[in-house]
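Here is the structure we will look at, set down as structure tokens.
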Amino acid sequence: MLRISAFRLLGRTGASRLSLLEDFSLRHYSSDPLGVRDDTRDARAYFTTPIFYVNAAPHIGHLYSALLADALCRHHRLRVPSAAATRFSTGTDEHGLKIQQAAAAAGLAPSELCDRVSAQFQQLFREADISSTDFIRTTEARHRMAVQHFWGVLEARGLLYKGLYEGWYCASDECFLPEAKVTRQPGPSGDLCPVSLESGHPVSWTKEENYIFRLSQFREPLQRWLRGDPQAITPEPFHHAVLQWLEEELPDLSVSRRSSHLHWGIPVPGDDSQTIYVWLDALVNYLTVIGYPNAEFKSWWPTTSHIIGKDILKFHAIYWPALLLGAGMSPPHRIYVHSHWTVCGQKMSKSLGNVVDPRTCLDRYTVDGFRYFLLRQGVPNWDCDYYGEKVVKLLDSELAFALGGLLNRCTANRINPSGTYPAFCTACFPSEPGLVGPSGRAQAEDYALVSAVATLPKQVADHYDNFQIYKALEAVSSCVRQTNGFVQRHAPWKLNWESPVDAPWLGTVLHVALECLRVFGTLLQPVTPSLADKLLSRLGVSATERGLGELHFLPRFYGHPCPFEGRRLGPETGVLFPRLDQSRAWLVKAHKT
Ligand code: MSP
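Using full-length UniProt numbering, the first residue of the sequence shown is number 1, and each one after it goes up by one.
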């Protein structure tokens with residue numbers, strides 16, 4: 001006899017999985033029905049994006065960083081509904097040589113450039129539905145105070161000294177480079193110019209007396225931290241890469257520049273001839289946001305998750321934790337690392353003229369559509385290539401046809417004339433296939449569907465924990481396909497509400513499909529908030545029934561009452577997601593007439 005339980009489905013692999021899912025049908029009605037909450041989930045959580053340079057307008061790579069953080073944060077809110085428990089910061093990185101030079105090149109005062117571009121980031125994030133709770137600009141007075149205080153702590157702890165720094169500096173990447181990381185490439189005039197081996201950006205030789213941070217003292221503490229917490233940096237290959245870097249000697253780090261060379265920054269306290277290194281300045285933003293140096297910051301630190309691109313891993317996984325340890329604080333809880341978007345196989349750059357404007361994409365593909373595309377296609381471990389055709393194909397097939405079509409099939413007046421959540425008939429679909437009696441209509445594939453959707457929230461939560469949001473979306477999409485197969489198999493349009501034989505089964509088919517849709521809508525909220533809202537509203541799911549704690553899938557199947565049975569569907573009957581190829585054809589037509 002086939003017993004449908006998540007336990008069976010996943011097999012007896014690994015004690016922790018087992019304990020979470022063993023008695024699924026009972027857990028389903030416990031205070032943590034999906035086993036997606038753990039101790040850390042009950043604690044506060046603080047998510048951060050990198051703060052963005054204001055030397056140029058935002059592009060889709062920047063939006064991607066912010067979207068990943070937004071989706072993680074929104075998923076956390078679904079697990080721990082109390083809004084007070086979550087904080088999410090983003091902002092702009094406005095000091096440093098790069099900005100100073102960009103302003104000079106644009107003939108603007110640095111503050112003008114900062115105001116202009118920071119406003120563009122703020123507007124983009126508003127339009128893209130980024131649910132940040134804080135936006136920080138490093139030119140704010142609160143930040144200058146926090147940075148200078150942090151500097152004072154490092155100084156008081158004997159971690160800063162004055163010394164001669166001589167070496168390469170890359171203004172575009174705002175970093176110092178050893179000789180081994182510099183190569184020569186022909187410049188515009190054909191002469192060989194020194195450039196960073198990694199980024200290809202020009203570097204220049206610098207020789208100055210600066211303040212130096214005793215970074216070398218922190219090699220072993222950093223190794224201990226990373227070896228003791230294998231998930232500190234996720235995905236694993238990035239964790240491994242940082243440990244590899246730490247195998248090599250860790251030189252001390254110059255943390256200031258001569259003010260005559262770099263004036264656009266925060267002065268070293270008590271020494272106006274020096275400006276604080278922009279990366280030290282920028283990293284402290286994560287503390288400024290939570291009120292540092294006032295004691296209130298301690299309730300948010302170190303329950304912090306930094307979301308960053310792979311190019312800034314060294315700064316976040318070596319410099320930042322070392323600075324924090326130096327200041328007597330703990331390293332961040334998690335560093336989630338993602339790879340980059342390329343365009344038609346090439347790195348995005350202003351000079352190549354291939355920068356993709358995210359606002360045009362939001363307009364063209366809709367906010368939820370473009371959010372879905374970036375998060376469904378972006379893989380943290382590898383770079384991804386962007387081209388428009390791919391967006392249309394994906395959104396049409398997964399959102400317009402598969403999900404929108406499924407909703408339409410189960411709610412259309414023709415098939416569901418009462419406009420309600422129909423009743424589930426246990427005789428037609430008993431909780432175990434062995435119990436199927438004369439009125440039983442469910443088949444083995446239907447039980448497989450119920451199992452797949454029952455375990456989906458846990459699967460999705462695991463993918464979020466591993467920073468594999470695209471896998472979470474892949475899993476949802478696969479269940480949407482399976483549900484469409486279920487509807488297709490039982491063809492409710494061929495069943496008759498008037499027939500006493502057909503009616504209970506017809507109601508059951510629609511009930512199961514609507515329950516699946518309720519799970520999909522709930523799980524899609526972090527990625528496509530408006531579309532999910534539309535879907536859940538159409539199903540009549542109220543605002544207080546949309547958290548993971550409330551997601552009791554198909555309760556009647558497990559012998560429990562279902563609050564949705566008999567409930568009126570929401571009044572909004574419009575298209576869930578517009579077909580893009582069609583709307584583009586319509587646009588072209590409209591243009592011609
Ligand atoms: N200002 C620093 C971060 C300081 S955080 C204390 C910085 N800014 S940035 O504007 O250059 O980059 C911000 C984020 O955008 C980084 O996470 C970076 O990886 C990401 N991306 C920049 N280009 C990208 C792509 N082409 N694709 C994906 N993400 C990209 O670094």
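Here a beta-carbon is modelled for each residue, glycine too, at the ideal position from N, C-alpha and C.
For residue i, report the span of its beta strand (DSSP E) as first-last.
i, result
"Thr49", "45-53"
"Thr304", "304-309"
"Asp93", "86-93"
"Val355", "Where Val355 is concerned, there is no enclosing beta strand (DSSP E), given that its DSSP letter is neither H nor E."
"Tyr470", "No beta strand (DSSP E) holds Tyr470; the alpha helix (DSSP H) holding it covers 469-490."
"Val527", "Here Val527 belongs to no beta strand (DSSP E), and DSSP marks it neither H nor E."
"Arg334", "334-338"
From what residue to what residue does the alpha helix (DSSP H) around residue i run?
i, result
"Trp320", "320-326"
"Trp279", "278-283"
"Trp341", "Segment 341-343 is the beta strand (DSSP E) holding Trp341; no alpha helix (DSSP H) there."
"His62", "60-79"
"Val367", "367-377"
"Ala102", "97-106"
Short check: CB of residue i to CB of residue j, under 8 Å?
i, j, result
"Pro269", "Ile60", "no"
"Tyr319", "Trp279", "yes"
"Thr138", "His95", "yes"
"residue 594", "Ser305", "Residue 594 is absent from the model: the chain starts at 1 and stops at 593."
"Pro251", "His239", "no"
"Ser204", "Lys181", "no"
"Ala427", "Gly437", "yes"
"Arg556", "Phe401", "no"
"Val476", "Val460", "yes"
"Arg538", "Thr411", "yes"
"Tyr277", "Val255", "yes"
"Ile130", "Ser89", "no"
"Leu154", "Phe218", "no"
"Leu113", "Leu262", "no"
"Tyr470", "Val379", "yes"
"Thr303", "Ala45", "yes"
"Thr275", "Ser299", "no"
"Phe486", "Val512", "yes"
"Asn466", "Pro235", "yes"
"Leu517", "Leu394", "no"
"residue 595", "Tyr421", "Nothing can be reported for residue 595, as the shown portion of the chain is limited to 1 through 593."
"Gly547", "Leu78", "yes"
"Gly404", "Phe176", "no"
"Tyr447", "Pro433", "yes"
Measure from the C-beta of residue i to each C-beta in chain B and report whether the shortest distance is under 8 Å.
i, result
"Ser132", "Absence of chain B from the displayed structure is noted, only one protein chain being present."
Every unbroken beta strand (DSSP E) inside the region 190-275 [3 residues or more]: Taking only runs of at least 3 residues, the beta strand (DSSP E) segments lying wholly in the region 190-275 are 192-196, 204-213, 256-258.
Stretch pair the region 531-541 + the region 561-574: three plus CB contacts closer than 8 Å: yes
The region 484-498 in contact with the region 336-346 per 3-pair CB rule at 8 Å: No: fewer than three Cβ pairs fall under 8 Å.
Sequence ranges, beta strand (DSSP E) only - wholly within the region 109-191, length at least 3: 134-137, 160-170, 175-177, 182-186
Whole alpha helix (DSSP H) elements within the region 384-458, 4-residue minimum: 388-394, 405-411
Cβ contact check for the region 367-375 and the region 546-555: 3 or more pairs under 8 Å: No contact exists between the region 367-375 and the region 546-555.
At least three beta-carbon pairs within less than 8 Å, the region 114-123 to the region 279-296: no
Three CB pairs or more closer than 8 Å across the region 67-74 and the region 516-529: yes
Segment contact flag, the region 138-151 with the region 265-284, C-beta cutoff 8 Å, min 3 pairs: The region 138-151 vs the region 265-284: in contact.
Validate contact between the region 156-175 and the region 184-191 using beta carbons, cut 8 Å, 3 pairs: no
The region 500-518 touching the region 481-492, judged by at least three CB pairs closer than 8 Å: yes
Secondary structure, beta strand (DSSP E): runs of 3+ residues fully inside the region 493-547: none
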